[in-house]
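A.B. asks: For the record, the sequence lines run as chains A and B. Numbered per the working numbering, the first sequence spans residues 119 to 412. Numbered per the working numbering, the second sequence spans residues 2 to 446. Ideal Cβ positions, reconstructed from N, Cα and C, are used throughout, including at glycine. These numbers were taken from a predicted model, which means no experiment stands behind them. Have a look at the structure that comes next, please.
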Amino acid sequence: MKLKKETLWGWILILPLTLGLTLWVAFPVGVSVFMSLFKWNMISPAQFIGLENFRFMFFQDHLFWQSVSVMFLYTLTSVPLQLALAFSMALLLNTKVKGMGIFRTIYYLPSLIPVMVSTALWMFLYNPQFGLFNLMLDGLGLPTQEWLRNPDLVIPSLVLMSLWSVGNIVIIFLAGLQNIPKELMEACTIDGGNAWHRMRNIVLPFMSPILFYNLVMGIVGGMQTFTQPYVMTNGGPSNASLTYVLHLYKQAFQFSKMGYANALALVLLIVTVLISLIVFQSSKSWVYYSGDKK
Amino acid sequence: MKEGIKSAICVLLLAGCVASGVFADNVKLSYMYWGSPAEDEATKQALKDFEAANPGITVNPLFAPGTKAEFDAKLKAMSESDTLPDVGYFRPESVHEYGSNGFFLDLTTYIAKDNLKKDYLAQTWITQNGKIIGAYTAAEAQVMYYNKKLLQAAGVPLPPTDYTKAWTWDQAVKYWTMLTVDKNGKHPGDSGFDPKKITQFGVNHEVWSGMLYPAIWSNGGEVFSVDGKQILVDSPATVQAIQRLADLRLKNKVMSAPGSTEYQSAGSTDPKVLMQNGQLAFYISGAWEMLDFAKMSFPLGVGALPIQKKPAQLYISGVNVVYKTSKHPEEAWKLQKWMMTPEKTLNLYAGGLWMPTKASWYSNKDDLNKWLSNPAHPDGFKAAVVDSMTVARAEPIGIKNYDQLWAEYINPELDKVWIGKASAETALKTAADKIRKSGLLQGTW
């Protein structure tokens, strides 16, 4: 069978992407899965130890389950809150108010600030002695908090910080809101529907693909949170903010347990894929794509 | 013509021989180190001085600032790509692990040949299985700094400088209480004192692992047994010392929020800045802080560390090593010797960053003056710190899994103690029990 010229061009044009995916994604993942069966500290030859890393992970590593619970706690609180907040903000930013452009800019700006900068900023805000939050609490007569030094408050503090940079999610929601056909909204109003009816029957279904996209991205991103706890608390206090990826990083680079870190990465990959599959399956019942046969 | 060409070729060949001869003598070394910008400058100067004194050797400075994890990652990358430096700094907590994998040159014969052992403090050399794998870069210790102006304003006597006649813990707490003032001028213990409105703190004590040893040892406590096979952090003397430190903030209300157990995190205010602003009277940290203090303009004093049961001092420092993969071990050793010689790298010592490892620089009057008689070193420094090195014990980095035991077991429990969520007794017992079950206590290297 002779390759048609078109087919050949097709292959050539997707070559950069496939090469990239192979070299920089598939190959390292493959090596990582392979190395998870070894004990390797990067300065002496790797030793094959089979499934020992996994046995240690599930039965002996007292920080594994801690990091899993921190990861889930963080993700399950921050993602719904982020989506709810971003959606509400998008609704507000979609109204016809004078100077809306300025408002949209203001609320989008925080998401442009580099993560390291905003992290340092929030650390000052959370400072128990001189930080702004304790100053405000004190001014209101409320007890001041230890914030990042209190194991019970550190995850809520991180969640609060993550809510500040929902700007890019707001923009995506806003674009979705502006694509809703105006005739449908008017038709609903004419039929006697109020804002709630409009929301439930028109806005939410039209926004559901975008909600779905942000939900999946939010969950995957939340499960991989690393920078903020690494810079702000290094997993403390008492490992209360030891997210899964931070635990992985420490095992790899602080304690030189590369094989074990690869095993942790593999488990994270499997869990993320499973959760994504569940969300995708559920999407069939609540996500509405205009253009689909209903 | 032919003659011309022949002679031209001869000249070129001769030039080539001479040139390659010169290049053959030129040895290129690389030196890897970390530190603040001031340390970077000082180190580069020391390396330049070495080049000037040793024509034929050039040194490429590899400045690698950043956290320990970043340094480790960089080192592993260099090792995988065969681009390790010849000489350089090394993290003390990892030096034994890498040494056991044959990373470092055995310096025993070089030291013996130059008869260096007698010139240096006994704790300087890092040994492993009878081999000397490195030397401590400096001999850092714990120092109690204070702002003289604040003490004079509060009518507090200047602390003794003789390390054997220091304040007792109770005396220290009493004076720190006098130096802690809230917005209304009240001290802890006065009626109406508001711990949330403190404008001046009496003391800040660093609480990362190294900085806890002097207080623990002063009270007769221990963290590990000398053979590294037992964990003793839950012994009553240790528990008492830790609880006393925590109480500075919780009960006595004289201490500002402690820094993290792991590092000085951004967002927590630098105690040195607080001291300069008159918001902190005493600061207990390492000797290296003097390099930054030297740039500040308030009257700095140094006092002897408070004694609980007996005087104690810590010997802590980064480590200097010569890598086994070095292609020029003789020249690398020369460079290492140079960096260990205070006479040649004086700016690093006189500036307040390092304390020397050479023994004579602690006893010989002229040598002492060379690095102590300058504004960076306050008057009490010799009696309080330099003399206390006679009782100094090294941080026990020779214990296997040292870093992991602190980072994963002890520090997480201490986090709770500093904010009052757990007593030192329960927290340290929990940590010790977990350590005993972990199988990580494997003795020393």
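1) With DSSP as the reference, label B:GLN314 as helix, strand or coil.
2) Can you give me the C-alpha to C-alpha distance between B:ALA78 and B:ARG250, rounded to a whole angstrom?
3) With distances taken Cα to Cα, identify the nearest neighbour of B:ALA351 among B:TRP362, B:GLU332, B:MET341, B:TRP372.
4) Going by other Cβ atoms of all chains shown within 10 Å of its Cβ, with 16 needed for buried, is B:ARG245 buried or exposed?
5) If you draw a straight line from the C-alpha of B:LEU441 to the C-alpha of B:LEU406, how long is it?
6) Name the chain A residues whose beta carbon is nearer than 8 Å to that of B:ILE420?
7) What are the boundary residues of the beta strand (DSSP E) that includes A:ARG267?
8) Are A:ARG318 and A:MET303 closer than 7 Å when you measure CB to CB?
9) Skipping 5 residues on each side, what residues in its chain have a beta carbon closer than 7 Å to that of A:ILE290?
10) What whole-angstrom Cβ distance do B:ILE317 and B:GLU141 have, given they're in contact under 8 Å?
11) Verify the CB distance criterion: does B:LYS311 have a CB-CB separation below 7 Å to chain A?
12) Can you give me the Cβ contacts of A:ALA204 inside the same chain, cut-off strictly under 6 Å, excluding the 5 residues immediately before and after it?
13) Could you run through the segment 85-102 of chain B and flag, in chain order, every residue whose CB is less than 9 Å away from some CB of chain A?
14) If you draw a straight line from the alpha carbon of B:GLY268 to that of B:TYR284, how long is it in whole angstroms?
15) Is the shortest distance between the beta-carbon of A:PRO163 and the beta-carbons of chain B less than 7 Å?
16) Report the three-state DSSP secondary structure of B:ASP183 (helix, strand or coil).
17) Among the residues of its own chain, which have a CB less than 8 Å from the CB of A:TYR225, if the five just before and after it don't count?
18) Count the other C-beta atoms from every protein chain shown that fall within 10 angstroms of the C-beta of A:TRP265, then say buried if there are 16 or more, exposed otherwise.
19) Give the C-beta separation of B:ALA288 and B:VAL144 to the nearest angstrom, bearing in mind that I take them to be a contact with Cβ-Cβ under 8 Å.
20) Under the rule that 16 or more other beta-carbon atoms within 10 Å means buried, what is B:PRO300, buried or exposed?
21) Got a sec: which bits of the segment 235-249 of chain A sit with their beta carbon under 9 Å from any beta carbon on chain B, in order along the chain?
22) Could you check whether B:PRO161 and B:THR1 sit closer than 7 Å to each other, using their CB atoms as the reference points?
23) Closest to B:GLN46 by C-alpha separation, out of B:PRO62, B:SER37, B:ILE58, would be which residue?
24) Rounded to whole angstroms, how far is the Cβ of A:ILE320 from the Cβ of A:TYR192, which I believe are closer than 8 Å?
25) Count the other C-beta atoms from every protein chain shown that fall within 10 angstroms of the C-beta of A:HIS180, then say buried if there are 16 or more, exposed otherwise.
26) Quick check: what's the CA-CA separation for B:MET276 versus B:THR200?
27) With a floor of 4 residues, list each alpha helix (DSSP H) that falls wholly inside the segment 198-279 of chain A, ordered by position along the chain.
28) With DSSP run on the structure shown, which of helix, strand or coil describes B:LYS254?
29) Cα-Cα, which of A:TRP404, A:ARG267, A:SER401, A:LEU387 is closest to A:VAL143?
30) I'd like to check one pair, B:PHE72 with B:LYS325: are the Cβ atoms closer than 7 Å?
31) Is there a Cβ of chain B sitting closer than 7 Å to that of A:MET153, yes or no?
C.D. replies: Short version:
1) In the second sequence, the residue the question calls residue 314 of chain B occupies position 313. B:GLN314: strand per DSSP, three-state reduction.
2) Working through the second sequence from its first residue, we reach residue 78 of chain B at position 77. Working through the second sequence from its first residue, we reach residue 250 of chain B at position 249. B:ALA78 and B:ARG250 have their alpha carbons spaced roughly 43 Å apart.
3) Position 350 of the second sequence, counted from the first residue, corresponds to residue 351 of chain B. Ranked by how close their Cα comes to the Cα of B:ALA351, the residues B:TRP362, B:GLU332, B:MET341, B:TRP372 have B:TRP372 in first place.
4) The residue given as residue 245 of chain B occupies position 244 in the second sequence. When all chains shown are included, B:ARG245 counts as buried.
5) As a first step, residue 441 of chain B is located in the second sequence; it is residue number 440 there, counting from the start. As a first step, residue 406 of chain B is located in the second sequence; it is residue number 405 there, counting from the start. For the pair B:LEU441 and B:LEU406, the Cα-to-Cα distance works out to about 7 Å.
6) Residue 420 of chain B sits at position 419 when you count from the first residue of the second sequence. Those are GLU264, ARG267, ASN268, PRO355, listed as they occur along chain A.
7) Position 149 of the first sequence, counted from the first residue, corresponds to residue 267 of chain A. DSSP places A:ARG267 in no beta strand (DSSP E); its state is neither H nor E.
8) Taking the first residue of the first sequence as position 1, residue 318 of chain A is located at position 200. Taking the first residue of the first sequence as position 1, residue 303 of chain A is located at position 185. The answer is no: Cβ separation not under 7 Å.
9) If you number the first sequence from 1, residue 290 of chain A lands on position 172. Hits under 7 Å: ILE328, ASN332.
10) Here residue 317 of chain B refers to the residue found at position 316 when the second sequence is read from its first residue. Here residue 141 of chain B refers to the residue found at position 140 when the second sequence is read from its first residue. Yes, B:ILE317 and B:GLU141 are in contact; Cβ-Cβ is about 5 Å, under 8 Å.
11) Indexing the second sequence from 1 puts residue 311 of chain B at position 310. Not one chain A Cβ lies under 7 Å of B:LYS311.
12) Indexing the first sequence from 1 puts residue 204 of chain A at position 86. For A:ALA204, the CB contacts under 6 Å within the same chain, skipping 5 residues up- and downstream, are VAL284, ILE287, VAL288, PHE291 in chain order.
13) Residues of the segment 85-102 of chain B with a C-beta less than 9 Å from any C-beta of chain A: SER95, GLU98, TYR99, SER101, ASN102, listed in chain order.
14) Taking the first residue of the second sequence as position 1, residue 268 of chain B is located at position 267. Taking the first residue of the second sequence as position 1, residue 284 of chain B is located at position 283. Any reading at B:GLY268 needs caution, since the residue's pLDDT is 48, under 50, leaving its predicted position unreliable; the model's value is listed next. Approximately 18 Å, taken between the alpha carbons.
15) Within the first sequence, the letter at position 45 stands for residue 163 of chain A. Closer than 7 Å to the CB of A:PRO163 there is not a single CB belonging to chain B.
16) Indexing the second sequence from 1 puts residue 183 of chain B at position 182. The answer is strand: DSSP assigns B:ASP183 an E or B state.
17) Mapped onto the first sequence, residue 225 of chain A falls at position 107. Same-chain partners within the cutoff: MET207, LEU211, GLY285, VAL288.
18) Locating residue 265 of chain A in the first sequence gives position 147, counting from the first residue. Under this definition A:TRP265 is a buried residue.
19) Within the second sequence, numbered from 1, the residue matching residue 288 of chain B stands at position 287. Within the second sequence, numbered from 1, the residue matching residue 144 of chain B stands at position 143. So it is a contact: roughly 5 Å between Cβ atoms.
20) Here the question's residue 300 of chain B lines up with position 299 in the second sequence. Answer is exposed; the Cβ neighbour count stays below 16.
21) Of all residues in the segment 235-249 of chain A, THR237, ALA238, LEU239, TRP240, MET241, PHE242, LEU243, TYR244, ASN245, PRO246, GLN247, PHE248, GLY249 have a Cβ within less than 9 Å of some Cβ in chain B.
22) Nothing can be reported for residue 1 of chain B, as the shown portion of chain B is limited to 2 through 446.
23) Walking along the second sequence from the start, residue 46 of chain B turns up at place 45. For the options B:PRO62, B:SER37, B:ILE58, the alpha carbon positioned closest to that of B:GLN46 is the one of B:PRO62.
24) If you number the first sequence from 1, residue 320 of chain A lands on position 202. If you number the first sequence from 1, residue 192 of chain A lands on position 74. That belief does not hold up - the Cβ atoms of A:ILE320 and A:TYR192 are roughly 33 Å apart, past 8 Å.
25) Within the first sequence, numbered from 1, the residue matching residue 180 of chain A stands at position 62. Exposed: under 16 other Cβ atoms inside 10 Å.
26) Sequence index remark: in the second sequence, residue 276 of chain B carries index 275 (1-based). Sequence index remark: in the second sequence, residue 200 of chain B carries index 199 (1-based). If you take the alpha carbons of B:MET276 and B:THR200, they lie about 12 Å apart.
27) DSSP runs (the alpha helix (DSSP H)) wholly in the segment 198-279 of chain A: 218-226, 233-243, 250-257.
28) Looking up residue 254 of chain B in the second sequence gives position 253. Coil at B:LYS254, not helix or strand.
29) Translated into the one-based positions of the first sequence, residue 143 of chain A becomes position 25. The residue from A:TRP404, A:ARG267, A:SER401, A:LEU387 with its alpha-carbon nearest to that of A:VAL143 is A:LEU387.
30) The residue labelled residue 325 of chain B in the question sits at position 324 within the second sequence. The residue labelled residue 72 of chain B in the question sits at position 71 within the second sequence. Not closer than 7 Å, so no.
31) Against the first sequence, residue 153 of chain A aligns to sequence position 35. A:MET153 has a beta carbon lying at 7 Å or more from every beta carbon in chain B.
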